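Before any comments, here is the structure.
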Amino acid sequence: MQARLIRREVLPFVLSLAALAAAALLIDAALHLLDIVWIGRWLGIPGTLLILASTAYSLRKRKLIKAGKPAQLLRWHEYLAWLGSLLLLVHAGIHFNAILAWLAVWAMLITVGSGLTGKYLLARSKRRLEATRKQMRDQGLTPAQLADRTYWDSLTFDMVKRWRVVHFPITLAFAVLAISHIVATFLFWSWK
Amino acid sequence: MKRGWLCWTIVANLLVLVGLAFAYPQLMISPGPLVAGHTELATDCFACHTAWQGATAQKCTSCHALPDIGLRTPNGTALPQRGLKTSFHQQLSEQNCMACHSDHAGPKLTKHSRKPFSHALLLPAARQDCETCHAKPTNTMHSALTVDCVQCHQTDAWKPATFAHATLAQDTSWRAAKPATRRPVTRCIPRSRATARSATLQLPGSRRPSSMRNSLCWIGTTTPLASPATSATTTVATPVMGVTSTRPPTSGANTTKKVSSTWRIASSATAVPAVNTREAGVKGVRVGTAASVIDLPKSALPPKSDVRLLSDGNQRENRKSNMRSARWCATQCGRARPGGAGNVPFDFSRRTRSAACLFAGLPACIASAAVVAQRSSPRIDKMSCRSPSRRITSR
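Protein sequence lines, in the order shown, are assigned to chains W and E.
The opening position of the first sequence corresponds to residue 108 in the numbering used here, with each subsequent residue numbered one higher.
The opening position of the second sequence corresponds to residue 1267 in the numbering used here, with each subsequent residue numbered one higher.
Shown next, in the form of structure tokens:
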């Protein structure tokens, strides 16, 4: 028996990321078709606020705040960050205007991707891999045979693990770039 | 340890990026390159922007003095005059440069939605004076007119336009051209200028008098004609139907005469200004002629006093008018006329009636009758039910 990590775990992860991209494209297209693109310009504000709200889990995890159940906060972290990212993607559109804002979008996408990695892949992959290994040991396979059979799954798991490490530092990059973008907007744009 | 290095790498990159934002703001922050005239300002954001306030008109006018805009450059060089459009910037109601101008070339996707100019920004006096910026149409419909364009046209677009015959009463050129006793009666165009669209309606060619063959005329109203056969009759000609309706003289109120010279007023010699509908550029209506359908301008419609189609929006009046329209349609299309069929003399030949119904659009008639039954009374399409109050007879 194989753990089948790619089909069972990687694909749902990719699909949830694709759903984010597809939803953003659909909303963006609708705004353009209805000629209400001005809404997209203002979606940056609710998107940022949602992502800020989602960081409650990160603060709770690092014991900077003490209220809230971590498990519940994690669920909110996922939902709010996904929705906030969606709004920010619509806000960004497929426009190549200022490099700073464009980099901020990429940093956000990498953050979301690494976050979804944590959600979908790590915990469940680990559980699956361990279950498979245990089953194989129960069948009386030697460690060498076991390592041979789970070679690809182990490799996938290691890559996933490395990807997960990116989540916090890249969030830092996203924060700095987004703040730069917001400051530049306040500095140069008139809110009229 | 590994993660520590990663963090430091990212922090270093961020510092470089933020530094780049200060060094190359035109790339890192600017939403697009500046217009050609401002290339030397590309790296100096605060030449136009005030910190925390955005771009302000004061910054623009510090270089571009208002009396000079459109006439000479900030250096004092005179600008070449471009056609009619002299500088109108001095006639603007407020100084809001950003309402029309953006120095950054914006995203290509949203470029089409920009509206670079709005007439609403002009002072009321300048807004009325269209000809300082726009050339007057040279076609025969417009060239002689002296009334303001805004009588018929809006400032946001040339079309759609509205036309009321009362407008002509204000027009000095029109009044000078027409004797007071004769009202504008007919719109004719030479057949060669008609724009054939499709042969959807075939009226019997033999019924067309020879005077009609060289021109297309579509409205006749209350003009006394010196016709031997109809000397006491006011002739109303509608080539749409291929028939002539007659209005009895006031002395013989209850009789309707047939008119022998049906198309008499249709000769090109007596035609009032010929209208090429393409030149006119006015939203028109479709009218069938002997072998074609052409687009006619709204000005070709009969005046209100004659056919009562151009209702003034009064709902009750609309409803009454629609009732008449529906009745008229019903009779023309061979349907039973409410209140007795024998009261109105109509003896269309089958073929002509079919053509009339085809043109008038039976569905439109039925729909309008249905509308009458409803409580709301929108106006009936002017061409689908042309003349509810006329008595119609055929040749």
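Heads up, the beta-carbon is just placed ideally off N, CA and C, and yes, glycines get one too.
The structure displayed is predicted, hence computed values, not measured ones.
At least one beta carbon of chain W lies nearer than 7 Å to the beta carbon of residue 1273 of chain E. Between the beta-carbon of residue 223 of chain W and that of residue 118 of chain W there is about 12 Å, and that puts the pair past the 8 Å contact cut.
For residue 1311 of chain E, the chain W residues whose Cβ falls inside 7 Å of its Cβ are 295, in order along the chain. Linking residue 237 of chain W to residue 263 of chain W through their CA atoms gives a straight-line distance of about 14 Å. According to the DSSP assignment, residue 258 of chain W belongs to the alpha helix (DSSP H) that extends over 258-272. Fewer than three pairs of CB atoms, one per stretch, sit closer than 8 Å, so the segment 1383-1398 of chain E makes no contact with the segment 1310-1325 of chain E.
When 7 Å is used as the limit between beta carbons, residue 217 of chain W is near no residue of chain E, the shortest such separation being about 11 Å.
Per DSSP, residue 1348 of chain E lies in no alpha helix (DSSP H) segment and is marked neither H nor E.
For residue 156 of chain W, no Cβ of chain E is located within less than 7 Å of the residue's own Cβ. Beta bridge pairing from DSSP links residue 1338 of chain E with E:1344. Chain order gives the chain W residues near residue 1294 of chain E as 205, 206, 207, where near means a beta carbon separation below 8 Å.
For residue 1316 of chain E, the secondary structure class from DSSP, reduced to helix, strand or coil, is strand. Interface annotation, residue 131 of chain W: not in contact with chain E, CB-CB separation never under 7 Å.
Contacts with chain E at 7 Å (Cβ-Cβ) do not include residue 267 of chain W. At least one beta carbon of chain E lies nearer than 7 Å to the beta carbon of residue 283 of chain W. Taking 7 Å as the cut-off, the Cβ atoms of residue 161 of chain W and residue 187 of chain W count as close.
Neighbours of residue 1319 of chain E in chain W, taken as residues at a C-beta separation under 8 Å, are given in chain order as 297. By the neighbour-count criterion, in which a residue is buried when 16 or more other Cβ atoms sit within 10 angstroms of its Cβ, residue 197 of chain W is buried.
Excluding residues up to 5 positions away in sequence, 1384, 1387 lie with their Cβ nearer than 8 Å to the Cβ of residue 1365 of chain E in the same chain. Residue 1346 of chain E sits away from residue 1329 of chain E, with the two beta carbons spaced by 7 Å or more.
The continuous alpha helix (DSSP H) containing residue 219 of chain W extends over residues 206-223. Rounded to the nearest angstrom, the Cβ distance from residue 243 of chain W to residue 228 of chain W is 21 Å, too far for a contact under 8 Å. A direct Cα-to-Cα measurement between residue 132 of chain W and residue 220 of chain W gives close to 17 Å.
With fewer than three CB-CB distances shorter than 8 Å, the segment 166-185 of chain W does not count as touching the segment 282-299 of chain W. Contact note: residue 1315 of chain E reaches chain W through 295, using a C-beta cutoff of 7 Å and chain order.
Less than 7 Å separates the beta-carbon of residue 1280 of chain E from that of residue 283 of chain W.
Burial state of residue 113 of chain W is exposed, judged by a 10 Å Cβ sphere holding fewer than 16 other Cβ atoms. Note: residue 1321 of chain E is bridge-paired with E:1315 in the DSSP secondary-structure output.
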